[in-house]
Amino acid sequence: MSRLRLRRTRWLLTALFTTLTALCLIVLASIAASIDERSRDKSLDAGVDRVLTGVVREVYWGDTGIDLETVRGDDDLVGGPTAVAVLVRDSSGGWQELFAHKRNGLPGDLTRTARAVADSEDGSWQTLDDRAGHPVRMAAAPAWDNDGAVGAVVFVGGDPAPGARDHRSLVMALWGGGLALVALAALAGHLLSGASMRPALRMLDQQERFLSDASHELRTPLATLRLYLDAALRDPADARRAVTDARSLTDRMGRMVSGLLARTRAETGVGELDRQRLHLDQLVEGVVAECGGEVALVAEPTAVRADPDLLALAVRNLIDNALVHGGTPVQVRVAAGQGTVRDHGPGVDPELTDPFRRGAVGTRGHHGIGLSLVRWVAEVHSGSVTLTSADGGGTLATLTLPEAPPDSPNDA
Numbered sequence: 003m004s005r006l007r008l009r010r011t012r013w014l015l016t017a018l019f020t021t022l023t024a025l026c027l028i029v030l031a032s033i034a035a036s037i038d039e040r041s042r043d044k045s046l047d048a049g050v051d052r053v054l055t056g057v058v059r060e061v062y063w064g065d066t067g068i069d070l071e072t073v074r075g076d077d078d079l080v081g082g083p084t085a086v087a088v089l090v091r092d093s094s095g096g097w098q099e100l101f102a103h104k105r106n107g108l109p110g111d112l113t114r115t116a117r118a119v120a121d122s123e124d125g126s127w128q129t130l131d132d133r134a135g136h137p138v139r140m141a142a143a144p145a146w147d148n149d150g151a152v153g154a155v156v157f158v159g160g161d162p163a164p165g166a167r168d169h170r171s172l173v174m175a176l177w178g179g180g181l182a183l184v185a186l187a188a189l190a191g192h193l194l195s196g197a198s199m200r201p202a203l204r205m206l207d208q209q210e211r212f213l214s215d216a217s218h219e220l221r222t223p224l225a226t227l228r229l230y231l232d233a234a235l236r237d238p239a240d241a242r243r244a245v246t247d248a249r250s251l252t253d254r255m256g257r258m259v260s261g262l263l264a265r266t267r268a269e270t271g272v273g274e275l276d277r278q279r280l281h282l283d284q285l286v287e288g289v290v291a292e293c294g295g296e297v298a299l300v301a302e303p304t305a306v307r308a309d310p311d312l313l314a315l316a317v318r319n320l321i322d323n324a325l326v327h328g329g330t331p332v333q334v335r336v337a338a339g340q341g342t343v344r345d346h347g348p349g350v351d352p353e354l355t356d357p358f359r360r361g362a363v364g365t366r367g368h369h370g371i372g373l374s375l376v377r378w379v380a381e382v383h384s385g386s387v388t389l390t391s392a393d394g395g396g397t398l399a400t401l402t403l404p405e406a407p408p409d410s411p412n413d414a
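Residue 3 is where the sequence shown starts when you use our numbering, and the numbers rise one by one after that.
Structure, rendered in structure tokens:
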């Protein structure tokens with residue numbers, strides 16, 4: 003997977019997370035707004051019904067006709083913001099308005115509704131416009147006289163405007179809070195998706211570095227191998243020597259690839275180092291034996307805790323570097339957790355500020371990644387490696403590792 007695809011995937015995950023969050027918030031906000039609207043309508047109707055029921059109970063007829071004094075004196079019912087009107091049927095069958103409180107909060111003409119309520123002998127609920135043209139929630143109920151007939155109709159109107167304003171404020175708060183949460187969700191989604199992508203990016207970096215290192219390091223050996231094979235084909239007499247050289251070269255290439263794979267696995271966490279107590283002098287002796295008579299060894303017994311394959315790779319790379327870039331004879335010494343490799347070449351190139359950096363190039367050639375692997379092996383074993391000019395000429399490479407305690411267990 004390329005970096006571009008990873009970036010696209012990250013943005014896609016962010017967009018998906020943000021969209022789902024926005025949809026959930028929209029649904030929740032819509033439900034909350036709907037519940038609030040119904041709750042306010044019910045609260046308004048309950049207030050209107052309370053006043054309507056109370057006024058109807060206080061309307062009664064005496065010997066001289068209807069008596070509204072109790073209604074007028076009840077400030078709890080007719081002293082608040084609720085509009086109240088009482089229409090009484092006269093002897094001619096018409097309707098007269100005998101009491102009103104906040105009359106502008108009711109429609110201008112109430113007689114038609116009064117006749118309908120009287121005819122049906124049942125209450126009425128309507129949402130109409132008051133005298134100012136504003137919506138009003140109006141309820142009407144009949145009041146019976148002493149003869150059992152509908153003698154009056156009580157009207158009560160509740161103003162929905164305050165509740166509507168509060169509802170709009172709530173809706174605006176829900177939308178504003180929702181937008182803020184969506185923005186936070188987008189940011190959180192982007193950060194979380196980035197965090198989830200880091201292992202993939204890290205593995206991609208390791209893969210790219212491995213491919214780059216492998217292609218770089220194998221290009222020259224493969225070309226040299228082809229030259230050996232071409233020489234063997236041209237001159238059968240040199241075939242044996244060419245095959246021997248080719249085998250040595252392929253062994254070196256195999257060790258290089260093994261080192262690259264080991265480093266990649268360790269850095270990506272796929273593999274673990276096989277740390278064990280081992281004798282450094284014996285390990286170096288085995289590596290020197292593979293290199294032939296051009297390398298002289300002086301070793302004292304010393305033990306370290308390390309991965310034997312990686313440590314052998316590091317020692318072999320130091321010796322190979324001395325043989326390729328230095329001059330013979332190559333002298334190797336081992337003592338007290340330290341190994342030194344000295345050649346008799348021109349010494350450390352002064353143009354190289356960091357000879358252990360991969361691809362370091364000086365005036366005397368390219369050092370590849372062999373020394374880079376050596377430094378990595380030293381660091382993962384809590385050690386160090388240095389490259390200096392030796393007294394009397396040549397280069398001195400020093401690999402230092404912590405010595406293992408004498409009674410360390412043999413298991414890793």
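We treat Cβ as the ideally placed atom computed from N, Cα and C, and that holds for glycine. Owing to the predicted nature of the structure, the values given are computational and were not obtained by experimental measurement.
Local conformation of residue i per DSSP, three classes
i: Gly180; result: helix
i: Asp47; result: helix
i: Gly395; result: coil
i: His281; result: strand
i: Leu89; result: strand
i: Val158; result: strand
i: Gly153; result: strand
i: Glu405; result: strand
i: Val138; result: strand
i: Ser386; result: strand
i: Ser217; result: helix
i: Leu223; result: It should be noted that the sequence gives Pro, not Leu, for residue 223. Three-state result, Pro223: helix.
i: His369; result: At His369 the pLDDT is 48, less than 50, meaning the model places this residue with poor confidence; the figure from the coordinates comes in the next sentence. Of the three classes helix, strand and coil, the one that applies to His369 here is coil, per DSSP.
i: Asp207; result: helix
i: Leu463; result: The structure shown does not extend to residue 463, since the chain spans only 3 to 414, so no value can be given for it.
Counterpart residues of residue i in DSSP-defined beta bridges
i: Thr21; result: Answer is none; Thr21 lacks a bridge partner.
i: Leu299; result: Val334
i: Trp146; result: Val152
i: Thr72; result: Per DSSP, none; premise fails for Thr72.
i: Tyr62; result: Asp69
i: Thr400; result: Thr342, Thr388
Backbone CA spacing between residue i and residue j [nearest angstrom]
i: Asp131; j: Arg40; result: 20 Å
i: Pro404; j: Leu22; result: 55 Å
i: Arg211; j: Ala34; result: 55 Å
i: Gly150; j: Ser45; result: 32 Å
i: Asp309; j: Gly256; result: 18 Å
i: Leu263; j: Gly191; result: 35 Å
i: Leu89; j: Ala154; result: 6 Å
i: Gly361; j: Ala244; result: For Gly361, the predicted model reports a pLDDT of 49, less than 50, meaning its position is unreliable; a value from the coordinates is still stated below. Going by the C-alpha atoms only, they are around 29 Å apart.
i: Gly67; j: Gln128; result: 29 Å
Residue interval of the beta strand (DSSP E) (run including residue i)
i: Glu99; result: 97-103
i: Asp69; result: 67-69
i: Thr304; result: First-last for Thr304: undefined, no H or E at that position.
Residue i vs residue j beta-carbon contact at 8 Å
i: Leu108; j: Ala141; result: no
i: Val286; j: Val306; result: no
i: Leu203; j: Leu6; result: no
i: Thr84; j: Gly159; result: yes
i: Gly396; j: Gly329; result: yes
i: Ala120; j: Val152; result: yes
i: Leu299; j: Val290; result: yes
i: Val57; j: Leu79; result: yes
i: Thr402; j: Gln340; result: yes
i: Ala197; j: Leu227; result: no
i: Thr246; j: Gln208; result: no
i: Leu27; j: Val173; result: no
i: Leu375; j: Leu315; result: yes
Residue range of the alpha helix (DSSP H) that includes residue i
i: Leu130; result: No alpha helix (DSSP H) holds Leu130; the beta strand (DSSP E) holding it covers 126-131.
i: Thr342; result: First-last for Thr342: 340-344, but that is the beta strand (DSSP E), not the alpha helix (DSSP H).
i: Ser122; result: 113-122
i: Val80; result: 77-80
Check: residue i C-beta below 7 Å from any heavy atom of the ligand ATP
i: Ala338; result: Among the ligands in the structure shown, none appear at all, so the ligand ATP cannot be discussed.
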